[in-house]
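Worksheet: one structure, shown below.
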Amino acid sequence: MKRYSLLLFLITSLVLSACSGDEPEKEVVAETPPKEDVKKEETKQSKIDHLKNISLEVTEESLIGLEPGSMMGDLSYEKDIEDIGFNTPELDLQLKNKLPVKLDELAKETDDLETIKKGLVYMLASPHYKEIIGNANAYEPHFEEPYLPDPTKAEGEEETKTSERAIILLDASSSMLQQAGGSVKMEIAKDAVKSFAKTIGQSSEVSLVVYGHKGSDSDADKVVSCTGIEEVYPMGKYEKEDFHGAVHSFESKGWTPLASAIQKAGEISGGYDGNTTIYIVSDGAETCDGDPIQASKDLIAKNADSSVNIIGFDVDSKTENQLKAVAEAGNGEYFKANNPEELKNTIQYEWLPSTLDLAFAFTMAPDGWDMVEEYKSADKYPLELWTVGRKEAHRLIDAAAIMSENGWITDEQYSELRDWGFERSEAMKELHYAMSKTNREKADTESKEIRQRVDEWTDKMKELKKERGDTW
55 MKRYSLLLFL ITSLVLSACS GDEPEKEVVA ETPPKEDVKK EETKQSKIDH LKNISLEVTE
115 ESLIGLEPGS MMGDLSYEKD IEDIGFNTPE LDLQLKNKLP VKLDELAKET DDLETIKKGL
175 VYMLASPHYK EIIGNANAYE PHFEEPYLPD PTKAEGEEET KTSERAIILL DASSSMLQQA
235 GGSVKMEIAK DAVKSFAKTI GQSSEVSLVV YGHKGSDSDA DKVVSCTGIE EVYPMGKYEK
295 EDFHGAVHSF ESKGWTPLAS AIQKAGEISG GYDGNTTIYI VSDGAETCDG DPIQASKDLI
355 AKNADSSVNI IGFDVDSKTE NQLKAVAEAG NGEYFKANNP EELKNTIQYE WLPSTLDLAF
415 AFTMAPDGWD MVEEYKSADK YPLELWTVGR KEAHRLIDAA AIMSENGWIT DEQYSELRDW
475 GFERSEAMKE LHYAMSKTNR EKADTESKEI RQRVDEWTDK MKELKKERGD TW
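Numbers in my numbering are just positions in the sequence shown, counted from 1, shifted up by 54.
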C-alpha cells in the first residue's frame with residue numbers, strides 16, 4: 055500500500071511540473087486611456103494655447119504689447135481714465151452679467167493658477183495702454199520762449215524811445231489755417247504773439263486786435279467777416295492769464311480786412327496821448343475791398359508819433375509789395391518771415407524794445423507757478439496710466455471673487471489671485487511714479503536751460519552797457 059501511494063505521488067508531481075513548464079509568462083502592459091479622453095485633453099489644451107504669450111509683467115514694453123481685453127471692447131478712453139478718487143472701482147453691470155460664463159469656461163479649461171491669471175488678463179485688460187504710454191513718452195515741456203534782443207545789435211546806435219502803448223493786430227483769416235514748417239500758421243503766430251506781448255508788456259501797455267476770425271471765407275459770409283474786427287485784449291497792463299485767454303478765444307475762419315483793422319487801431323490809439331506802436335502779423339493782402347495803405351496814412355496823420363510795423367508771414371511777392379507799402383505809409387518797417395524760425399527771429403531782433411527796457415527780461419525764465427503748471431502736464435498721462443491700471447486690477451479681483459463664489463477655484467487660489475491683483479495695482483502705481491519722474495526731469499532740464507540763456511543774456515547786456523559808459 056505504501057509503495058502504491060509513493061508511486062502515485064511521483065506521477066502527480068511529474069504531471070504538474072510538465073504543465074507548469076509549458077505555460078508562457080504573462081506580459082505586463084500599461085493601461086492606455088480611452089481615445090475619447092485623449093481627444094478631450096488635446097482640445098482643452100488648444101483652447102488655452104493663446105494664453106501662453108500673454109505677459110503678466112507691469113512694464114512699459116509689456117503693457118504696450120498687451121492686447122485689449124476680449125471683453126473690454128465697449129470701454130471708451132474717457133470712461134477708462136475717469137478719476138474716481140479713493141473710491142473702490144465697481145464692476146460694470148453689463149460686464150458683471152457676461153463674466154460668469156467666460157469664467158466657468160476658463161475654470162474648465164485649466165486649474166493652473168498662472169494660466170488662470172493670464173486668462174483673466176486676456177479677458178479684462180484695458181484697451182488703452184498703448185495710447186496712454188505713447189502720449190506719456192511723447193511729452194515735451196512747453197514753456198514760453200523768452201525772446202531776448204541781441205545785445206550787440208544796439209551797439210553804436212542810439213537807443214530808441216520806448217513806446218508807451220503797443221497794439222498787436224493778428225490776422226486770423228482762413229489762409230492762416232495753412233501750414234508752414236510743419237505746423238499750422240495760426241498756432242505759430244499765436245505762440246509768437248504770446249511771447250512778444252509778455253516781453254513788451256514789461257514796459258508798455260498792450261492791446262490785441264484780431265481780424266478775419268468771424269464768419270467764413272465764403273461769399274455769403276464776406277460782410278460778416280470783413281466787419282468782424284475785435285479788440286480781444288483791451289489796452290492795459292499785461293496780465294499773462296488774461297492775455298493767453300484772449301489769444302485762445304478765436305480761430306482762423308474768414309476774409310482779410312487789413313484796412314479796417316488798421317482803422318480800428320487808429321481809433322484805439324487816437325484816444326491816448328503819446329506814441330503808440332502798431333505791430334501787424336499777417337500772411338495775406340487785403341481781401342475786403344479796403345485800402346490798407348490809405349488807412350495807414352490816416353493813422354499817422356492823427357498821431358505822428360505812432361508807427362505801423364508789419365511782418366509778412368509766408369507771403370507771396372504781390373502780398374509782400376502791399377504790406378511793404380502799408381508799413382512805409384505808417385512810418386514803420388516791413389519784415390519778411392518765410393518760416394516759424396524767421397518769425398521768431400524777426401520779433402526777437404526787430405520788434406523788441408531797447409535793451410534798457412528789457413532789463414526785466416530775467417523774469418521770463420519759468421518761475422514757481424510755471425513749474426507747477428508744467429508738472430501738471432508732465433503728470434497727466436502717467437496719472438491716467440495709474441487710474442486705468444487700478445481699475446483693471448479691481449476687475450481681476452472681482453472676477454476671481456466670482457470664480458470663488460461659484461466653487462470654480464479653491465479658497466487658497468482665490469486668496470492668491472486677490473493678492474496678485476493688489477500687487478498689480480501697486481506695480482501700476484510704481485510705473486506711474488517712474489514715468490512722472492522722467493517727464494518732470496525733462497521739465498526741470500528745459501527750465502534750467504531757459505534760465506541759463508536769460509542769465510547769459512543779462513550778463514552780456516551788463517557788460518555792453520559798462521563798455522558804453524552807462525550805469526546799470
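Ideal placement from N, C-alpha and C gives every residue a C-beta, glycine not left out.
Taking the C-alpha atoms as reference points, what is the distance between residue i and residue j?
i, j, result
"glutamate 387", "glutamate 374", "12 Å"
"serine 361", "histidine 267", "25 Å"
"aspartate 524", "alanine 313", "Here aspartate 524 scores only 44 on pLDDT, less than 50, and its place in the model should not be relied on; the value that follows carries that caveat. Distance between the alpha carbons of aspartate 524 and alanine 313: 42 Å."
"isoleucine 463", "aspartate 165", "8 Å"
"isoleucine 187", "alanine 432", "12 Å"
"glutamate 295", "valine 175", "45 Å"
"glutamate 209", "aspartate 245", "The predicted position of glutamate 209 is uncertain, since its pLDDT is 39 and thus under 50; no value can be drawn from it."
"glutamate 144", "glutamine 233", "46 Å"
"threonine 341", "phenylalanine 297", "28 Å"
"aspartate 271", "glutamate 305", "13 Å"
"valine 380", "asparagine 493", "46 Å"
"valine 263", "aspartate 352", "18 Å"
"glutamate 211", "isoleucine 118", "Because the pLDDT at glutamate 211 is just 42, under 50, the model does not fix this residue reliably, and the value given afterwards should be weighed accordingly. So the two alpha carbons sit approximately 59 Å from each other."
"lysine 239", "alanine 481", "43 Å"
"glutamate 427", "leucine 153", "42 Å"
"leucine 397", "alanine 220", "18 Å"
"aspartate 337", "alanine 192", "31 Å"
"alanine 161", "proline 122", "21 Å"
"methionine 230", "serine 109", "48 Å"
"alanine 391", "tyrosine 333", "14 Å"
"valine 155", "histidine 104", "19 Å"
"aspartate 465", "leucine 178", "22 Å"
"aspartate 421", "aspartate 343", "47 Å"
"threonine 169", "phenylalanine 140", "31 Å"
"tyrosine 435", "valine 369", "39 Å"
"glutamate 77", "glutamate 159", "Bear in mind that the predicted position of glutamate 77 carries a pLDDT of just 48, short of 50, making it unreliable; the figure below should be weighed with that in mind. Each residue's alpha carbon lies about 53 Å from the other."
"leucine 377", "isoleucine 316", "12 Å"
Whose C-beta lies closer than 7 Å to the C-beta of residue i among residues of the same chain, with five residues either side of it excluded?
i, result
"glutamate 500", "Pro195, Phe197"
"histidine 182", "Tyr131, Asp134, Val442"
"leucine 157", "Ala453, Ile456, Met457, Trp462"
"glutamate 438", "Ile135, Ile186"
"valine 286", "Leu262, Val264, Ala300, Ser303, Phe304"
"leucine 167", "Gln467, Glu470"
"aspartate 225", "Tyr265, Gly266, Thr310, Val335, Ser336, Asp337, Gly338"
"valine 83", "Here the model assigns valine 83 a pLDDT of 45, short of 50, so the residue's position is not dependable, and the following value carries that caveat. Correct list: empty, nothing qualifies."
"isoleucine 322", "Ile221, Ser261, Glu285, Met289"
To which residues of the same chain is residue i closer than 8 Å at the C-beta, ignoring the five residues directly before and after it?
i, result
"glycine 235", "Ile242, Asn393, Pro394, Glu395"
"glutamate 218", "Ser258, Glu259, Tyr326, Gly328, Asn329, Thr330"
"tryptophan 474", "Lys171, Leu450"
"glycine 290", "Glu259, Val260, Ser261"
"lysine 248", "Glu198, Phe297, His298, Val301"
Should residue i be labelled buried (16 or more other beta-carbon atoms within 10 Å of its own) or exposed?
i, result
"histidine 486", "buried"
"threonine 113", "exposed"
"tryptophan 423", "exposed"
"phenylalanine 389", "buried"
"proline 346", "buried"
"glutamate 446", "buried"
"threonine 206", "Because the pLDDT at threonine 206 is just 49, under 50, the model does not fix this residue reliably, and the value given afterwards should be weighed accordingly. Exposed, because fewer than 16 other Cβ atoms sit within 10 Å of the Cβ of threonine 206."
"asparagine 363", "buried"
"serine 279", "buried"
"alanine 488", "exposed"
"histidine 448", "buried"
"phenylalanine 250", "buried"
"isoleucine 138", "exposed"
"lysine 318", "buried"
"glycine 127", "exposed"
"lysine 252", "buried"
Apart from the five residues on each side of it in sequence, which residues of its chain come closer than 6 Å, Cβ to Cβ, to residue i?
i, result
"leucine 282", "The question names leucine, but residue 282 is glycine in the sequence shown. Within the same chain, glycine 282 has close Cβ partners Lys268."
"asparagine 385", "Ile354, Ser361"
"alanine 419", "Ile504, Arg505, Val508"
For residue i, which of helix, strand or coil comes out of DSSP?
i, result
"threonine 142", "coil"
"threonine 464", "coil"
"methionine 482", "helix"
"threonine 310", "coil"
"serine 109", "coil"
"serine 272", "coil"
"serine 490", "helix"
"serine 336", "strand"
"tyrosine 131", "helix"
"alanine 300", "helix"
### Whole runs of the alpha helix (DSSP H) within the stretch 223–267, excluding any shorter than 4 residues
Whole alpha helix (DSSP H) segments, 4+ residues: 239–254.
### Task
Could you tell me which uninterrupted alpha helix (DSSP H) segments, each at least 4 residues in length, are contained entirely in the stretch 145–190, listed from first to last along the chain?
147–163, 167–178
### Query
Where are the beta strand (DSSP E) runs, 3 residues long or more, that stay fully inside the stretch 341–408, in chain order?
Taking 3 residues as the minimum length, the beta strand (DSSP E) runs contained wholly in the stretch 341–408 are 361–367, 388–391, in order along the chain.
### Task
Could I get the ranges of all uninterrupted alpha helix (DSSP H) runs contained in the stretch 410–460, with 4 residues as the minimum, in chain order?
422–459
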